[in-house]
Amino acid sequence: MSKEARPSWDSPTQFVLACVSYAVGLGNVWRFPYLCQMHGGGGFLIPYLLMLVLEGIPLFCMELAIGQRMRLGCVGAWSAISPYLGGLGIASVVTSVYLSLYYNIINAWSFWYLFHSFQPVLPWSECPVNSNRSGYVEECEVASPTQYFFYRETLNISSSIDENGGVHMGVALCLLLAWVIVFLFVVRGIKSTGKVVYFTATFPYLVLIIYLIRGFTLHGAWNGVKYMFTPKLDQLANPQTWINAATQIFFSLGLGFGSLIAFASYNHQNNDFEKQAVAVSLINSGTSVFACMVTFAIYGFKATLNYESCLERMKLLLINTFDLSESDISIDNVTIWISDLNHTNPEMFSSIASKIEDCSLEAELDTAVEGTGLAFIVYSEAIKNMPVSQLWSVLYFIMLLLLGMGSMLGNITAIITPLGDLKILSRTFSNETINGLVCLVCLLLGLGFTTRSGSYWFTMFNDYGATLSLLFIVLFEVVSVCYIYGLKRFEKDIEDMLGHRPNWYWRVMWAVVSPVLLITLFIFYIISYIQGGTPTYQAWDKDLGRSVVKEYPPYGQAFIALLLVSSLSCIPLVALYELCKRKHRGQPIRQRQTVSTVSSGL
2 MSKEARPSWD SPTQFVLACV SYAVGLGNVW RFPYLCQMHG GGGFLIPYLL MLVLEGIPLF
62 CMELAIGQRM RLGCVGAWSA ISPYLGGLGI ASVVTSVYLS LYYNIINAWS FWYLFHSFQP
122 VLPWSECPVN SNRSGYVEEC EVASPTQYFF YRETLNISSS IDENGGVHMG VALCLLLAWV
182 IVFLFVVRGI KSTGKVVYFT ATFPYLVLII YLIRGFTLHG AWNGVKYMFT PKLDQLANPQ
242 TWINAATQIF FSLGLGFGSL IAFASYNHQN NDFEKQAVAV SLINSGTSVF ACMVTFAIYG
302 FKATLNYESC LERMKLLLIN TFDLSESDIS IDNVTIWISD LNHTNPEMFS SIASKIEDCS
362 LEAELDTAVE GTGLAFIVYS EAIKNMPVSQ LWSVLYFIML LLLGMGSMLG NITAIITPLG
422 DLKILSRTFS NETINGLVCL VCLLLGLGFT TRSGSYWFTM FNDYGATLSL LFIVLFEVVS
482 VCYIYGLKRF EKDIEDMLGH RPNWYWRVMW AVVSPVLLIT LFIFYIISYI QGGTPTYQAW
542 DKDLGRSVVK EYPPYGQAFI ALLLVSSLSC IPLVALYELC KRKHRGQPIR QRQTVSTVSS
602 GL
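For the sequence shown, my numbering assigns the number 2 to the initial residue and increments by one for each residue that follows.
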């Protein structure tokens, strides 16, 4: 495809909004608050912001520069720089396919919850009546209404990955709807995507602001906000804190998937991607902190309710046991009464000692929950206790959908852009047909996540489909640019686009700091996988009403290995194929060219 024939964004603002819509996703809402909670509250912001400067912004800018200069998707861009690097682009596409398959099932769950929000009583606010109408469903009573609705009504989960079961038709229809909407968003490429991002990039902020205002007015919300901003500086001495901060920056910005290269390929050659990279990175991290405040306000509300419910149970227990009056005891002095009665009436107190609960607000706030547990259980638990809960439920799940859909636009663009760049496909099929086929294939493959064991496969893809492979892909990208292609050549390409060479900050980050951090992360993950032993997953036990740890069966472990190897193997295989092809033809190995020379001939 020639540069002249390639479409472009209508304006730089449209491009920035597309990048914001892609980068700001579900991880900002549920992954960042979890890490902030686990690693010292406000203290976690110190390594997080340092990693943003040392790793996130430089790599984000590098990918935008490559895409804008080459005006091709990730496969074409790396192949044009060197045919031996084509596998790097293919690896990004494979990883984006894995991400798209399981990411859209989250949107399907959000649709499922959204549709169930239009009821007089939210279905996860109370347990359903059992079949003989003699009481409530036992599994729900053992667990909780919110957990029961998620694990039984939404997932209809099996007890292990070995029990497949049939497709959940309700969730499958929601998945179909999610893919239809994604297709409509990308049907005309950036001409339709560019219009959609004005909504997907901005409306979630409106909902977050509404939730922030509402959250701060909830009883106990400030307990959560105070907990968030109270730093535990001892966590700064924990290497895991720094590694998780670097990992969060890395994945939150969406590096290595090929989406940023694809988006930037529709820019004009003189677009100022340098300032845009800084702006989008800061917006993304600022959104994480903002969403974290909202989450902790909601979390403080839920934790306070649980804490006060515990105190209320202890109050009733003391009143019934020691024949106290309501005026004698309140939830504010329950712990004092427990201590006093333990000393003054030890014999009578011993009869209820096993029933005494250790009510602690700090313990409630210390309970770290991430991922789907935070999004679909903790938030749902808090929403059901709010006045006009249906309204807050609708707003929340619309926000989740827009965050998820915005990220899906980037994921799918990373796949369809390289396919559209292939002349053999573009001459045979229209872009609309290619985009539709990609969405259809992903839909059919994604139906596996709607089976009874689908959530276990979802966890497998989430944990292993786009973690280690992405680290290696981005590490190979920065090494290829700085030490195979050449940093000075890359600087010259940037000068051709921006009118000036990158300053010392970009050069030092690209050449030294970012590669060292990526190598450290890569080694860490390798060691973690080795030391972790047999991979495990959380299986739902309906009798216990909670999740239990189980090991993946041999075929599950084999599939994990396939996920890890399938994308990474593209890099050496394509390089080996190109080498053999050139030797067979008797051609010398092509010398490295500048991007400006290569791109001018496209």
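The beta carbon of each residue, even a glycine, is placed where N, CA and C say it ideally should be.
(message) Just to confirm my understanding: we take V513, look at its own chain, exclude 5 residues before and 5 after, and list those with CB closer than 6 Å. What are they?
(response) none
(message) By the three-class DSSP mapping on this structure, what secondary structure does E142 have?
(response) helix
(message) I'd like to check one pair, K316 with V335: are the Cβ atoms closer than 7 Å?
(response) yes
(request) Kindly indicate which residue of S22, T248, A540, G301 has the alpha-carbon position closest to the one of S515. (result) T248
(message) With H, G and I counted as helix, E and B as strand and the rest as coil, what does DSSP make of V549?
(response) strand
(message) Could you pull the DSSP bridge partners for V168 from this structure?
(response) T452
(message) For a quick check, are the C-beta atoms of G57 and L254 less than 7 Å apart?
(response) yes
(message) If distances are taken between C-alpha atoms only, which option among P146, C75, A78 comes closest to C128?
(response) P146
(message) According to DSSP, simplified to helix, strand and coil, what is Y228?
(response) helix
(message) Please give me, in chain order, every unbroken run of the alpha helix (DSSP H) with length at least 4 that falls completely inside the stretch 237–290.
(response) 240–253, 260–265
(message) For I244 and L50, what's the separation of their Cα atoms in angstroms?
(response) 13 Å
(message) Can you tell me whether S568 is buried or exposed? The criterion is at least 16 other CB atoms within 10 Å of its CB, across all chains shown.
(response) buried
(request) Could you tell me which uninterrupted alpha helix (DSSP H) segments, each at least 4 residues in length, are contained entirely in the stretch 441–505, listed from first to last along the chain? (result) 455–465, 469–480, 488–499
(request) Using a threshold of 7 Å, state whether the C-beta atoms of F1 and A415 are closer than that. (result) Outside the displayed span of the chain (2 to 603) sits residue 1, for which this structure offers no information.
(message) Can you give me the C-alpha to C-alpha distance between K233 and G87, rounded to a whole angstrom?
(response) 46 Å
(message) Classify M400: buried if its beta carbon has 16 or more other beta carbons within 10 angstroms, exposed otherwise.
(response) buried
(request) Could you check what DSSP says for V208 in three-state terms: helix, strand or coil? (result) helix
(message) Report the CB separation of F459 from F450 in whole angstroms; it is logged as a contact under 8 Å.
(response) 5 Å
(request) Confirm the yes/no value for this check: CB of S132, any heavy atom of the ligand HEM, distance under 6 Å. (result) Absence of the ligand HEM from the depicted structure is noted, as is the absence of any ligand whatsoever, leaving it without description.
(request) Can you tell me the Cβ-Cβ gap for T305 and H220, rounded? I've got them flagged as a contact below 8 Å. (result) 6 Å
(request) Report yes if the CB atom of L100 is closer than 7 Å to the CB atom of A467, and no otherwise. (result) yes
(request) Quick one: residues in its chain with C-beta nearer than 7 Å to the C-beta of S80, no 5 flanking neighbours on either side, listed in chain order? (result) L86, G87, G90
(request) Would you kindly check if the distance between the Cβ of S22 and the Cβ of A669 is under 7 Å? (result) Because the chain in this structure spans residues 2 to 603, residue 669 falls outside the shown range and cannot be described.
(message) According to DSSP, simplified to helix, strand and coil, what is D367?
(response) helix
(request) Could you tell me how far apart the beta carbons of W1 and F377 are, in whole angstroms, since I believe they sit closer than 8 Å? (result) There is simply no residue 1 to check, as the chain begins at 2 and stops at 603 in what is shown.
(message) Once the 5 residues before and after T535 are set aside, which same chain residues still bring their CB inside 6 Å of it?
(response) E552
(request) Tell me whether V389 is buried or exposed, calling it buried when 16 or more other Cβ atoms sit within 10 Å of its Cβ. (result) exposed
(message) My output table needs one value for V130: the three-state DSSP class, helix, strand or coil.
(response) strand
(request) Output the boundary residues of the beta strand (DSSP E) element that contains T537. (result) 537–542
(message) On the CB-based measure, 16 or more other CB atoms within 10 Å of its CB, does K385 come out buried or exposed?
(response) buried
(message) Taking a contact to mean a Cβ-Cβ separation below 7 Å, would you say C75 touches I262 in this structure?
(response) yes
(message) Which residue marks the beginning of the alpha helix (DSSP H) containing S570, and which one marks its end?
(response) Unbroken run through S570: none, as it is neither H nor E.
(request) Using DSSP bridges, identify the partner residues of Y137. (result) V130
(request) Give the range of the alpha helix (DSSP H) segment to which Y99 is assigned. (result) 87–117
(message) Check whether the stretch 273–283 and the stretch 212–230 touch, using three or more Cβ-Cβ pairs below 8 Å as the test.
(response) no
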